[in-house]
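Keeping their order, the protein sequence lines are chains A and B.
Those letters in the first sequence? Residues 0 to 385, per numbering that gives the first Met the number 0, in order.
Those letters in the second sequence? Residues 0 to 385, per numbering that gives the first Met the number 0, in order.
The next block holds one structure in the form of structure tokens; read it before the comments.
Number of protein chains: 2
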Amino acid sequence: MSNRFNSIQSEFQISYRYEVFFTKHLFAVNNLVLCDFFNLKEQEGTKKKVLVVVDDGILLHQKNIREAIQTYFETNVTSVQLVKNILTIPGGENAKNQNEFWELVSSAISEYGIDRHSYVMAIGGGAFLDMVGFATAVSHRGIRLIRIPTTVLSQNDSGVGVKNSINYLGKKNFLGTFAPPVAVFNDSSFLVSLDERDWRSGIAEAVKVSLIKEETFFRWIESNVQSLVNRDIGVMEQLVFDCARLHIEHIRSGDPFEFGSSRPLDFGHWFAHKLEYLSNFSIRHGEAVAVGIALDSIYSFLCGDLEEKEYLRILRLLLGLGFTLNFPILLEKGKENLEIALEEFREHLGGKLTLLMLDGIGKPKEVYTMDHSILMSAFDIMVNFR
Amino acid sequence: MSNRFNSIQSEFQISYRYEVFFTKHLFAVNNLVLCDFFNLKEQEGTKKKVLVVVDDGILLHQKNIREAIQTYFETNVTSVQLVKNILTIPGGENAKNQNEFWELVSSAISEYGIDRHSYVMAIGGGAFLDMVGFATAVSHRGIRLIRIPTTVLSQNDSGVGVKNSINYLGKKNFLGTFAPPVAVFNDSSFLVSLDERDWRSGIAEAVKVSLIKEETFFRWIESNVQSLVNRDIGVMEQLVFDCARLHIEHIRSGDPFEFGSSRPLDFGHWFAHKLEYLSNFSIRHGEAVAVGIALDSIYSFLCGDLEEKEYLRILRLLLGLGFTLNFPILLEKGKENLEIALEEFREHLGGKLTLLMLDGIGKPKEVYTMDHSILMSAFDIMVNFR
Ligand SMILES: NC(=O)c1ccc[n+]([C@@H]2O[C@H](COP(=O)([O-])OP(=O)(O)OC[C@H]3O[C@@H](n4cnc5c(N)ncnc54)[C@H](O)[C@@H]3O)[C@@H](O)[C@H]2O)c1
Ligand SMILES: NC(=O)c1ccc[n+]([C@@H]2O[C@H](COP(=O)([O-])OP(=O)(O)OC[C@H]3O[C@@H](n4cnc5c(N)ncnc54)[C@H](O)[C@@H]3O)[C@@H](O)[C@H]2O)c1
Ligand SMILES: [Zn+2]
Ligand SMILES: [Zn+2]
């Protein structure tokens, strides 16, 4: 056997396909969206199981959700078998901080005999879905996951994508996988019980994606600021739909499992990650993204890429939506952390630093460095903006 | 918004490609296979890191392997940066039984700043590679993994495939993912230090794959029994190459991430899994697979699918190679566990029971049930075979 040129190539493609449904009152017995999904899937003859896990934050507002789910399955769904015991697990960031929570889901998968052809149906916010997503992705090398996101952010961004994660060794999202769901059901009726900050937070992702993908969507958000502030659910449904659509289009046509260094959907995120961390996660992800968007928009203006009136529109939109651009922690520690945040983002991406800035509204531009003094000036303009 | 028919499809493909190299003395400074691999990969400008982790079972026989690796990188490899600290972690099944071992790997990934574009290079047996594979697959949602398998079984089967796993909740392989490596280097010089059982064990997978894929390979193994028993390394290299080739061809052309219910490479495995478990893993995987092959071959004969002289050739080959078909635990508990094993295998696959049996040597046949009394007879013939 020669020392070289003796090798075998392994090369193949894996196809993924999932549908994101938009609906209202998913578990009302006369809503057949979920039931139709199962009926369409189940033609193999053997009856699959469905294990349901619910974010306890929802239970505060919908005390009877478990009973409603049981009734729905009893009435409508004959093609799969609901596991009687519906689990409730804490939601919010803490769900991702301790191993006990994802281990609870994996133990239930084992206990109830959920196999690779059975389902876990997870109902909750982005943090909860990330945690359950991790547990299902690694149990039996991947259980079929149905996501039912219940916050604006999870309905228009995290819940329709392909990633999951938990926090580990004190590092945000350190453990996780790329694992597409088999279906997502976005039910707008969940959104009414969100507190004001969670209602607003997810809107930042819509502003983000409009800025890098679609100027008409940006204008639409501008003209609906008041309705959004007034919690008009119809307007929110439209926002969620368009934001989810743009995210999905991006994932489909891009690099879904992020093998490359570029992460266009992370516009405004390089500093947002650091800000969340500096605030010990008391600042919500979307709130931090709003700050990141403002900073990068001002930076793009100072570099001569974005017109003055454009960056002003962006900042006014963010303030109009109720976002804060001068958190105390930002004034206190923001500036000294700008360079650190950039370096951490580079490490996080792996490979070379690749960022998006704006050439116009709806017109992104890749850059590979940021000018330190321009960045400082952008920061000052932002925190003093009224 | 209507309650139905409002949805977005997400649909995409992910491409994987990795090369399996066959070589000798991988870390000899005049062997450029590994060095060439890195040079070819690294054209992006930024220098990636390589974290090396070694199965401590190898260290018993190659005390200086860490120094050899360091010298190799110093002398040959300028395109990547070796992490100075080469980790040694216990190998063998115990590596998969306790969380502390994969967590050690994940902690090192964090500590040494190994990002998604950097490498972990794992050197060891199948169990060790499964454990390191799991840690790398879930850290940062997937670090690039280079596998250097050091046992027959890992070189011709587990190490060239796409799966990893650890044992959890007392269940074998309960946690794991599908995560193709970026490259595999099969170095036959590792095999000389294997103990007799590990040398033999991996040969069972070659017999298996020959029976379901390639009659000529089966005949080749038959005519090389003595050389294999005498530990002729040249013959073993050929066996490993052909077995790896057939496994890879199968993965490429089949269902690499096992979304369906059929698992053709698991011929002879439905009972093997149970036997390993009954023996508390004192029976090696390959030793159990040999028993499983014998049982299914006799069963195929009794069903009238395999000719008498064919099943006799198979059993004689297994005995000639030194495999045991009448382990005490088999005599004691085998029979009463046949049906249980079938049911567990069905659960493990999820969906409907799909098994391979033989229609001839090199001619597989799918079946969906097994006849209880024929199975009992097959078992009796096996344990009494001389
Ligand atoms: N996987 C991804 O691609 C991705 C992308 C972006 C963000 N994320 C993650 O998403 C998480 C943030 O998600 P989030 O913004 O949805 O917040 P969250 O999940 O932390 O939820 C916020 C709070 O709302 C509660 N809640 C959930 N649904 C509710 C409802 N309908 N009514 C009332 N309360 C409800 C939760 O219990 C929680 O206390 C972060 O951990 C972030 O890392 C993941
Ligand atoms: N991922 C997959 O697709 C897949 C497929 C089949 C089997 N497996 C797994 O593989 C494992 C079995 O692997 P294995 O048969 O390689 O055994 P092993 O990894 O348990 O190794 C056996 C022993 O040999 C030692 N060893 C390793 N290399 C050596 C060398 N060159 N010289 C001397 N000693 C050495 C190890 O330290 C260990 O003590 C099982 O856990 C099984 O579940 C995985
Ligand atoms: Zn975001
Ligand atoms: Zn095997």
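Quick reminder that beta carbons are idealized off the backbone N, C-alpha and C, glycines included.
Within-7 Å CB hit, residue i to chain A
i	result
residue 18 (chain B)	yes
residue 143 (chain B)	no
residue 154 (chain B)	no
residue 221 (chain B)	no
residue 137 (chain B)	yes
residue 168 (chain B)	yes
Inter-residue spacing [alpha-carbon to alpha-carbon] between residue i and residue j
i	j	result
residue 277 (chain B)	residue 74 (chain B)	49 Å
residue 133 (chain A)	residue 76 (chain B)	36 Å
residue 72 (chain A)	residue 187 (chain A)	20 Å
residue 361 (chain B)	residue 215 (chain B)	8 Å
residue 29 (chain B)	residue 23 (chain B)	11 Å
residue 226 (chain B)	residue 219 (chain B)	11 Å
residue 25 (chain B)	residue 185 (chain B)	9 Å
residue 374 (chain B)	residue 353 (chain B)	16 Å
residue 104 (chain B)	residue 89 (chain B)	12 Å
residue 176 (chain B)	residue 163 (chain A)	13 Å
residue 382 (chain A)	residue 201 (chain A)	22 Å
residue 253 (chain B)	residue 264 (chain B)	10 Å
residue 49 (chain B)	residue 117 (chain B)	6 Å
residue 8 (chain B)	residue 193 (chain B)	51 Å
residue 155 (chain A)	residue 125 (chain A)	10 Å
residue 6 (chain B)	residue 35 (chain A)	13 Å
residue 168 (chain B)	residue 308 (chain A)	60 Å
residue 232 (chain B)	residue 151 (chain B)	11 Å
residue 60 (chain A)	residue 121 (chain A)	17 Å
residue 243 (chain A)	residue 47 (chain A)	29 Å
Spatially closest choice to residue i from the options, by CA coordinates
i	options	result
residue 190 (chain B)	B:310, B:179 and B:148	B:148
residue 123 (chain A)	A:349, A:323 and A:94	A:94
residue 178 (chain B)	A:172, A:215 and A:136	A:136
residue 17 (chain A)	A:271, A:247, A:174 and A:51	A:247
residue 325 (chain B)	B:98, B:355, B:308 and B:286	B:286
residue 345 (chain A)	A:261, A:224 and A:51	A:261
residue 397 (chain B)	B:351, B:62, B:13 and B:381	Since the first and last residues shown for chain B are 0 and 385, residue 397 (chain B) lies out of range.
residue 33 (chain A)	A:68, A:8 and A:62	A:68
residue 107 (chain B)	B:182, B:164, B:61 and B:85	B:85
residue 97 (chain A)	A:173, A:307, A:280 and A:165	A:165
residue 372 (chain A)	A:322, A:167, A:46 and A:297	A:297
residue 153 (chain A)	A:257, A:196, A:129 and A:171	A:129
residue 251 (chain B)	B:230, B:15 and B:217	B:15
Cβ-based neighbour list, residue i, same chain, cut-off 7 Å, excluding 5 preceding and 5 following
i	result
residue 87 (chain B)	53, 55 and 58
residue 376 (chain A)	301
residue 64 (chain A)	53, 57 and 58
residue 240 (chain B)	21
residue 78 (chain B)	37, 38 and 41
residue 234 (chain B)	223, 226 and 227
Sequence-distant residues of its chain with Cβ nearer than 8 Å to residue i (five each side left out)
i	result
residue 292 (chain A)	203, 206, 207, 210, 266, 267, 313 and 317
residue 328 (chain A)	274, 277, 278 and 282
residue 183 (chain B)	17, 18, 19, 20, 145, 146, 147, 148, 158 and 159
Sequence-distant residues of the same chain with beta carbon closer than 6 Å to residue i, five excluded per side
i	result
residue 212 (chain B)	245
residue 305 (chain A)	299 and 357
residue 378 (chain B)	334
For residue i, the residue or residues it bridges with in DSSP
i	result
residue 123 (chain B)	B:148
residue 184 (chain B)	B:20
residue 88 (chain A)	A:54
residue 48 (chain B)	B:80
residue 356 (chain A)	A:364
residue 217 (chain A)	Answer by DSSP bridge pairing: none, since residue 217 (chain A) is not bridged.
residue 174 (chain A)	A:165 and B:138
residue 299 (chain B)	Looking at the DSSP assignment, residue 299 (chain B) forms no beta bridge with any residue, so it has no partner.
Cβ of residue i within 7 Å of any chain B Cβ
i	result
residue 62 (chain A)	no
residue 15 (chain A)	yes
residue 174 (chain A)	yes
residue 114 (chain A)	yes
residue 365 (chain A)	no
residue 251 (chain A)	yes
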